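S.K.: Structure provided below as structure tokens; questions to follow.
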Ligand code: AQP
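Below you can see the structure in the form of structure tokens.
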């Protein structure tokens, strides 16, 4: 019987036999789909837990036949069947091409292919079967493997006072990541915040305030690293230039955030448009695997993945292709209290629509009291018809961790007044320790500076190494 190696050899596809077993979870499993039609699915090991999506895709491709999913050991059945033209479909997870090496289990050991070898093999299959590429990895699942190797990176712009949106949508998620991953890097996107043209003194103060507030939120920066984007001698911007040279301008104009922010500015700086390129560089320079972001940043992250993949395919594998970690549920996008269709934003001019983390109990009370609602007495979420009520319920859910059913039951027959009262009490109680810790850290600016300096020192070697590799790849 023809083995994997025989087949690859006869097809003229270069491969290597790995002498050592790849690290755990690095082998690419293959699923054989047996329905009315037959197919093969190649999935990146990291994405195997997205079984629901895999099954949906498989059923769709196999024209809605119910598909049992059986892991296959080894490649030979799949390859042999494909060669003989017995497979109607080959479905390949695009994420496979993001790795420097692809490992396949073989009865005699491990076969190591490069992404271009895999492409060659697939090209041969195309002659007999329909080959489709599907990206199973746009967002990471909670069951990420090899956490100790994964780098988590996220940032925040010091473009105003931090809001409840930043807190529930990002910082609370960061706290969890620090507990789970030993390599978490958080940075102040001070270069990005120049896109809204702040006054220099104001920017300096906001940088100080944001760093202090992040510590006050309880982020353990002894375990994670916190630093300023502009602190590292230009490595972020230099990589951004390499990326700018391969990014089509038209993609930048499609970004929703650019369109929204450009509308608010009398004169639009180029920085606002190329913001996502700098973001791609921020992520790629640390070889980041996971990027926790609020729902509003999902589009930028998709573009970052596109840019990084383009660089990898043009110049050879250089960067890890990152995945978004988006907070699920109601707090993925916290909305403005006075307009439930607008995101709560720290740079918003309507301060009544935002709860800031340093708001006094009186401010919180006043803002929640004035928050827009509707005339329907019963409380239930409906984001299209009742965006403001949905937002208040969602914030309450984010703060209490209760299920929506439990919240609806809690306020049954009571209306918005009762919800607002409970929400106000909860917000005051949750933000009080943040305000206290903020006062403590503010009294010790040297400590905050020290955290930033240590963070920069920790991440700089990674950034410098990545940049020099990227420069070498492009011919510099
Ligand atoms: N309203 C929100 N709901 C959920 N998540 C949010 N984030 C921001 N607003 C919300 C998340 O907070 C992180 C840091 O955001 P950023 O500073 O990088 O920029 P942003 O997304 O543009 O946040 P703002 O507050 O709206 O800032 P400005 O007003 O300067 O544009 C990100 O992970 C973001 O998703």
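In the numbering used here, the protein residues as written are 76 to 551.
The beta-carbon is built from N, C-alpha and C at its ideal position, and this holds for glycine as well.
Quick caveat: nothing in here was measured; it's all calculated off a predicted structure.
Out of 304, 345 and 285, which one is the CA nearest neighbour of residue 354?
M.R.: For the purposes of this step, residue 354 is identified with residue 279 of the chain shown, where counting begins at 1. Out of 304, 345 and 285, 304 has the C-alpha closest to the C-alpha of residue 354.
S.K.: For residue 260, name the three-state secondary structure that DSSP assigns.
M.R.: For the purposes of this step, residue 260 is identified with residue 185 of the chain shown, where counting begins at 1. Of the three classes helix, strand and coil, the one that applies to residue 260 here is strand, per DSSP.
S.K.: Assuming contact is defined by CB atoms lying nearer than 8 Å, are residue 531 and residue 307 in contact in what I supplied?
M.R.: By 1-based counting over the chain shown, the position of residue 531 is 456. By 1-based counting over the chain shown, the position of residue 307 is 232. Contact flag set, yes.
S.K.: Look up residue 238 in the DSSP assignment and say whether it is helix, strand or coil.
M.R.: Residue 238 sits at position 163 when you count from the first residue of the chain shown. Looking at residue 238 - three-state DSSP - the assignment turns out to be strand.
S.K.: Is any non-hydrogen atom of the ligand AQP found closer than 7 Å to the C-beta of residue 301, if you look at the structure I gave you?
M.R.: Walking along the chain shown from the start, residue 301 turns up at place 226. It does not: the Cβ of residue 301 is nowhere closer than 7 Å to a heavy atom of the ligand AQP.
S.K.: Between the Cα of residue 271 and the Cα atoms of 340, 288 and 315, which residue gives the shortest distance?
M.R.: As a first step, residue 271 is located in the chain shown; it is residue number 196 there, counting from the start. Here the closest residue by C-alpha is 340.
S.K.: Let's test the definition: count the other Cβ atoms within 10 Å of the Cβ of residue 453 and tell me whether it reaches 16, buried, or not, exposed.
M.R.: Along the chain shown, one-based indexing puts residue 453 at 378. Exposed, because fewer than 16 other Cβ atoms sit within 10 Å of the Cβ of residue 453.
S.K.: What beta strand (DSSP E) runs, 3 residues minimum, are completely inside the region 338-370?
M.R.: List check, beta strand (DSSP E) in window: 365-368.
S.K.: Alpha carbons only, please: which of 169, 185, 292 and 276 is nearest the one belonging to residue 396?
M.R.: Counting from 1 along the chain shown, the entry for residue 396 is found at position 321. Ranking the options by Cα distance to residue 396, first place goes to 169.
S.K.: Use the C-beta contact count for residue 415: other C-beta atoms within 10 angstroms, 16 or more gives buried, fewer gives exposed.
M.R.: In the chain shown, counting from the first residue as 1, residue 415 sits at position 340. That one is buried.
S.K.: Using only CA atoms, which one of 384, 401 and 352 lies nearest to residue 372?
M.R.: For the purposes of this step, residue 372 is taken as the residue at position 297 of the chain shown. When each option's Cα is compared against that of residue 372, the closest is 401.
S.K.: Can you tell me whether residue 479 sits near the ligand AQP, meaning its C-beta is under 7 Å from at least one heavy atom of the ligand?
M.R.: Against the chain shown, residue 479 aligns to sequence position 404. It does not: the Cβ of residue 479 is nowhere closer than 7 Å to a heavy atom of the ligand AQP.
S.K.: Could you tell me which residues DSSP puts in a beta bridge with residue 91?
M.R.: If you number the chain shown from 1, residue 91 lands on position 16. Bridge partners of residue 91: 187.
S.K.: Starting from the Cα of residue 312, find the closest Cα among 357, 446, 192 and 383 and give me that residue.
M.R.: Numbered from 1 along the chain shown, position 237 holds the residue referred to as residue 312. Closest by alpha carbon: 357.
S.K.: Closer than 7 Å: is that where the CB of residue 252 sits relative to any heavy atom of the ligand AQP?
M.R.: If you number the chain shown from 1, residue 252 lands on position 177. It does not: the Cβ of residue 252 is nowhere closer than 7 Å to a heavy atom of the ligand AQP.
S.K.: In three-state DSSP terms, what is residue 552?
M.R.: Residue 552 lies beyond the stretch modelled for the chain, which goes from 76 to 551, so this question has no answer here.
S.K.: Alpha carbon to alpha carbon, how far is residue 544 from residue 361? Give it in angstroms, no decimals.
M.R.: Stepping through the chain shown from its first residue, residue 361 is reached at position 286. Stepping through the chain shown from its first residue, residue 544 is reached at position 469. Going by the C-alpha atoms only, they are around 12 Å apart.
S.K.: Tell me whether residue 379 counts as near the ligand AQP, meaning its Cβ is closer than 7 Å to at least one heavy atom of that ligand.
M.R.: For this step, residue 379 is matched to residue 304 along the chain shown. It does not: the Cβ of residue 379 is nowhere closer than 7 Å to a heavy atom of the ligand AQP.
S.K.: Which residue marks the beginning of the alpha helix (DSSP H) containing residue 479, and which one marks its end?
M.R.: If you number the chain shown from 1, residue 479 lands on position 404. Run containing residue 479: 479-485, per the alpha helix (DSSP H) assignment.
S.K.: On the three-pair Cβ rule with 8 Å, is the region 466-475 touching the region 401-410?
M.R.: Touching, per the Cβ criterion.
S.K.: If distances are taken between C-alpha atoms only, which option among 237, 167, 177 and 195 comes closest to residue 87?
M.R.: Within the chain shown, the letter at position 12 stands for residue 87. It is 195 whose Cα lies nearest to the Cα of residue 87.
S.K.: Between residue 419 and the ligand AQP, is the CB less than 7 Å from at least one heavy atom?
M.R.: Stepping through the chain shown from its first residue, residue 419 is reached at position 344. At least one heavy atom of the ligand AQP is nearer than 7 Å to the Cβ of residue 419, so yes.
S.K.: Return helix, strand or coil for residue 327, following the three-state DSSP convention.
M.R.: As a position in the chain shown, residue 327 is number 252, starting the count at 1. Correct three-state label for residue 327: helix.
S.K.: Since residue 310 is in the beta strand (DSSP E), which residue starts that stretch and which ends it?
M.R.: The count along the chain shown starts at 1 and reaches residue 310 at position 235. Element bounds for residue 310: not the beta strand (DSSP E) but the alpha helix (DSSP H), 310-319.
S.K.: Quick check: what's the CA-CA separation for residue 207 versus residue 363?
M.R.: On the chain shown, residue 207 is found 132 positions in, with the first residue counted as 1. On the chain shown, residue 363 is found 288 positions in, with the first residue counted as 1. When rounded, the distance between both Cα atoms is 27 Å.
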